[in-house]
Amino acid sequence: MSATIPGFSRIEIRTDGKRDIANAAYELRQLADELDRLAGLGHCDETLTILAHHKIKATSQILRGK
Numbered sequence: 000m001s002a003t004i005p006g007f008s009r010i011e012i013r014t015d016g017k018r019d020i021a022n023a024a025y026e027l028r029q030l031a032d033e034l035d036r037l038a039g040l041g042h043c044d045e046t047l048t049i050l051a052h053h054k055i056k057a058t059s060q061i062l063r064g065k
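All letters in the sequence shown, in the order written, are residues 0 to 65 by numbering that gives the first Met the number 0.
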């Protein structure tokens with residue numbers, strides 16, 4: 000993969016109580032649905048990877064409280 004194509008994406012989750020954990024569960028289910036949708040669109044691997052990376056990053060920012 001090219002240096003501009005992400006090889007890893009990660010999620011950071013705030014874990015300061017039940018509310019944070021429940022919110023994380025909800026957001027992760029939403030992310031899983033979105034990743035399934037993206038995977039079915041027929042994009043090439045590089046395009047899919049970039050789209051997924053941005054969605055994962057956005058979800059992580061939500062879950063970190065930013």
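Positions of the beta carbon are idealized from the N, C-alpha and C atoms, including for glycine. Note that this is a predicted model, so its numbers are computed, not measured.
Can you give the Cα-Cα distance for residue i and residue j, rounded to whole angstroms?
i: glycine 16; j: aspartate 35; result: 29 Å
i: arginine 63; j: glutamine 29; result: 16 Å
i: threonine 14; j: threonine 58; result: 15 Å
i: glycine 39; j: leucine 47; result: 10 Å
For residue i, tell me which candidate among the options has the shortest Cα-Cα distance.
i: leucine 27; options: Glu11, Pro5, Leu50; result: Glu11
i: glutamate 33; options: Arg63, Gly64, Phe7, His53; result: His53
Within the present structure, is the beta-carbon of residue i separated from the nearest heavy atom of the ligand GTP by less than 6 Å?
i: arginine 36; result: Judged by which ligands are present, the structure shown has none, so any question about the ligand GTP falls away.
Residues in the same chain with beta-carbon distance under 6 Å from residue i, minus the five sequence neighbours each way, listed in chain order, please.
i: glutamate 45; result: Ile4
i: methionine 0; result: Bear in mind that the predicted position of methionine 0 carries a pLDDT of just 49, short of 50, making it too unreliable to give a figure here.
With DSSP as the reference, label residue i as helix, strand or coil.
i: histidine 53; result: helix
i: threonine 14; result: coil
i: isoleucine 20; result: helix
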